[in-house]
Amino acid sequence: MKRTFIAASCLVVFLITTDTLAQDPPQPLELPTGTMTLMVPEGSQWQAKRSPVNFPHSLHFGFSCKDCHHTWDGASPVKSCGTSGCHENFWAPLPGAASKTKSNIKSLTGAFHKACRDCHRNELNVQKAEGIKEIVTGPIDCDGCHPNPHSEIENSEARLDVPLGNLVIRPPEGVEAKKAAVNFPHGQHFEFACQTCHHDWDGESEVESCMSCHEELEPPAGRNIKNPENIMYYLAAYHTACLDCHRDTTKQRKAAIKAAAKNGKTLTAKDLPKAGPLGCTACHSES
Ligand code: HEC
Ligand code: HEC
Ligand code: HEC
Ligand code: HEC
Ligand code: HEC
Ligand code: HEC
Ligand code: HEC
1 MKRTFIAASC LVVFLITTDT LAQDPPQPLE LPTGTMTLMV PEGSQWQAKR
51 SPVNFPHSLH FGFSCKDCHH TWDGASPVKS CGTSGCHENF WAPLPGAASK
101 TKSNIKSLTG AFHKACRDCH RNELNVQKAE GIKEIVTGPI DCDGCHPNPH
151 SEIENSEARL DVPLGNLVIR PPEGVEAKKA AVNFPHGQHF EFACQTCHHD
201 WDGESEVESC MSCHEELEPP AGRNIKNPEN IMYYLAAYHT ACLDCHRDTT
251 KQRKAAIKAA AKNGKTLTAK DLPKAGPLGC TACHSES
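Each step along the sequence shown adds one to the number in this note's numbering, with nothing skipped, and position 262 is 262.
Here's what the structure looks like:
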């Protein structure tokens, strides 16, 4: 028995190593920053009735990419909204003029109006309900997005390289590591807004590494890393950012299962979005 177990685990190790060796890191994502102009696509039959829309992409990075790119997996190239099979009709077909499956997908104009205007309206309502005085949201009126006369067409050329796949995070120089380095699947975290972690990023400039600011090698205020005075100690910054959210997502899953049980429904762990791991070796896994 023992023997087969050892043999099997050797095989697993072997498979894993060759697999990681064979995999090249994925190409970084080229993220367009700045403003882009959304307009009727070239070659469309539609005659524009309104001016094109200047859309400040980077001003929206306080939200998750997936709020808009809702089919993106955080790894593949980002498809444009009007890709064939998606919102490929610019305007809704006349009733009965398209097959049922096709007319179930919103037209591009419908999709934009729903995604853009609904969120702007929703933000207004949420902030009002919270009693916030200076409401920060985007335009809801037609002229806010389609100004008359229309503004200059802008298509920023600026791009930012965003690494996908696994990032290996190592302690800073001068620290003798007690644990293996950390394997961090960056793209698996893009359901969250970039600024959840890159809390100082403006959506346009180069992204600074956490350790360029959180550079202290020892906790200055005693060993408790939960003490806010220790937050510039690199380990306190990472463990607070990574573990607090993993703990929260674990709690949310437990709460959802409990709430369902209360309503007489069974919800299993498999029905829910995954939580982040908390065990040391789940993160400290780089051999
Ligand atoms: C508020 C909505 C919104 C958010 C949030 C958003 N985007 Fe976009 N993004 C768009 C729109 C609209 C376009 C233009 C799409 C088109 O041409 O169909 C676009 C275009 C892009 C493109 C170019 C796609 C192409 O056609 O070449 C990439 C890449 C991209 N976004 C990545 C991201 C990433 C990564 C994030 C998160 C940091 C993000 N976007 C956040 C709405 C958004
Ligand atoms: C998930 C929510 C959300 C979605 C989706 C969204 N917006 Fe916004 N938008 C905002 C918020 C919040 C602001 C205010 C941001 C700020 O000023 O910091 C804003 C601001 C704007 C502005 C004003 C910029 C300025 O300089 O004042 C424009 C224009 C805009 N959005 C257009 C769009 C368009 C076009 C789309 C769809 C492609 C879109 N938005 C989708 C939330 C959203
Ligand atoms: C939050 C931004 C936003 C608001 C507010 C908005 N639109 Fe749009 N609209 C868009 C976007 C983005 C498109 C697709 C790009 C384009 O063609 O201009 C679009 C497309 C259109 C189109 C098809 C293209 C054209 O020019 O014929 C019409 C018509 C239109 N909108 C009318 C309206 C009207 C009427 C209102 C007010 C009731 C309105 N929109 C409010 C963002 C907006
Ligand atoms: C869950 C936290 C988290 C989220 C969410 C996140 N990142 Fe990161 N990102 C990191 C960490 C950690 C690194 C590794 C560098 C470090 O340790 O400072 C990193 C590295 C990067 C780098 C390379 C920086 C360098 O030093 O060269 C870029 C660029 C970047 N992220 C952009 C983004 C963008 C854009 C988004 C949103 C689509 C995003 N990140 C979402 C945590 C996150
Ligand atoms: C430009 C410098 C800078 C960068 C880059 C930076 N931080 Fe911070 N961070 C700070 C400062 C200063 C504070 C304390 C004051 C504050 O909260 O803004 C802080 C606070 C924090 C806190 C405590 C905030 C809270 O809500 O309790 C955490 C956690 C944190 N950073 C993690 C990170 C992580 C993870 C990264 C990289 C993805 C990062 N930081 C990148 C400067 C930075
Ligand atoms: C805002 C919440 C949040 C933050 C911050 C966060 N994570 Fe996660 N993490 C998650 C969630 C949710 C998952 C499960 C996602 C999935 O597997 O689809 C996850 C999954 C993981 C996994 C397991 C991936 C797998 O394939 O099983 C690792 C490893 C991980 N995170 C490391 C980190 C590290 C390291 C940091 C800090 C740099 C971090 N996370 C910060 C939410 C977060
Ligand atoms: C969610 C991911 C995550 C989990 C879980 C996690 N860590 Fe970490 N830890 C990190 C990151 C990121 C760093 C910073 C990179 C580094 O120093 O390796 C770090 C750094 C450290 C360091 C300082 C560097 C070193 O190797 O000496 C120690 C010690 C440490 N962690 C111990 C632990 C212990 C013990 C556990 C389990 C109780 C644990 N970590 C669980 C992400 C995690």
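Glycine included, each C-beta is placed from N, C-alpha and C at the ideal position.
Residue i CB to nearest heavy atom of ligand 5 below 7 Å
i, result
"D200", "yes"
"Y238", "yes"
Backbone secondary structure at residue i - three-state DSSP
i, result
"A181", "strand"
"D161", "strand"
"I153", "coil"
"M211", "helix"
"K2", "Annotation note: pLDDT 36 at K2 (below 50); position unreliable, coordinate value reported separately. Of the three classes helix, strand and coil, the one that applies to K2 here is helix, per DSSP."
"I257", "helix"
"T196", "helix"
"A282", "helix"
"A275", "coil"
"G144", "helix"
"K270", "helix"
"K262", "helix"
"S287", "coil"
Residue of the options minimising C-alpha distance to residue i
i, options, result
"T196", "A237, C145, C68, D73", "A237"
"E218", "M211, E204, Y234, E152", "Y234"
"S44", "N54, H60, W91, D67", "W91"
"A256", "A275, H239, L243, K49", "A275"
"C245", "F192, L267, S209", "F192"
"E286", "P220, R223, T137, A181", "A181"
"S58", "D271, H87, W201", "W201"
"L124", "I135, W72, A115, K114", "I135"
"I169", "Q127, C242, K258", "C242"
"E216", "P32, E173, N148, K66", "E173"
"W46", "P163, N155, P93", "P93"
"G34", "D73, A158, P77, F184", "A158"
"N183", "F63, C119, H284", "H284"
"K179", "W72, C280, T37", "C280"
"S212", "L31, M232, G187", "M232"
"M36", "F55, Q27, L29", "F55"
Residues bridged to residue i [DSSP beta-bridge criterion]
i, result
"E30", "D161"
"V168", "N183"
"L38", "V53"
Proximity test, residue i beta-carbon vs ligand 7 heavy atom, cut-off 7 Å
i, result
"G174", "no"
"G276", "yes"
"H146", "no"
"K226", "no"
Residue i beta carbon near ligand 3 (any heavy atom closer than 7 Å)
i, result
"F112", "yes"
"D244", "no"
"R117", "yes"
"A48", "yes"
"D161", "no"
Cβ-heavy atom distance, residue i to ligand 4, below 7 Å
i, result
"H186", "yes"
"I169", "yes"
Proximity test, residue i beta-carbon vs ligand 6 heavy atom, cut-off 7 Å
i, result
"H189", "yes"
"A282", "yes"
"C194", "no"
Beta carbon proximity, residue i to chain C, threshold 8 Å
i, result
"N122", "The question asks about chain C, but that chain is absent: this structure has only one protein chain."
Residue i beta carbon near ligand 1 (any heavy atom closer than 7 Å)
i, result
"S80", "yes"
"M39", "no"
"G164", "Note that residue 164 is Leu in the sequence shown here, rather than Gly. L164 Cβ: outside cutoff for every heavy atom of ligand 1."
"H57", "yes"
Distance cut-off 7 Å: residue i Cβ against heavy atoms of ligand 2
i, result
"G138", "yes"
Original post:
Enumerated in chain order, which unbroken segments of the alpha helix (DSSP H) with a length of 4 residues or greater are wholly contained in the segment 215 to 254?
Top reply: none
**OP:** Would you mind listing the beta strand (DSSP E) stretches within the segment 43 to 128 that are 3+ residues and don't spill past its ends, in chain order?
**Re:** 53 to 56
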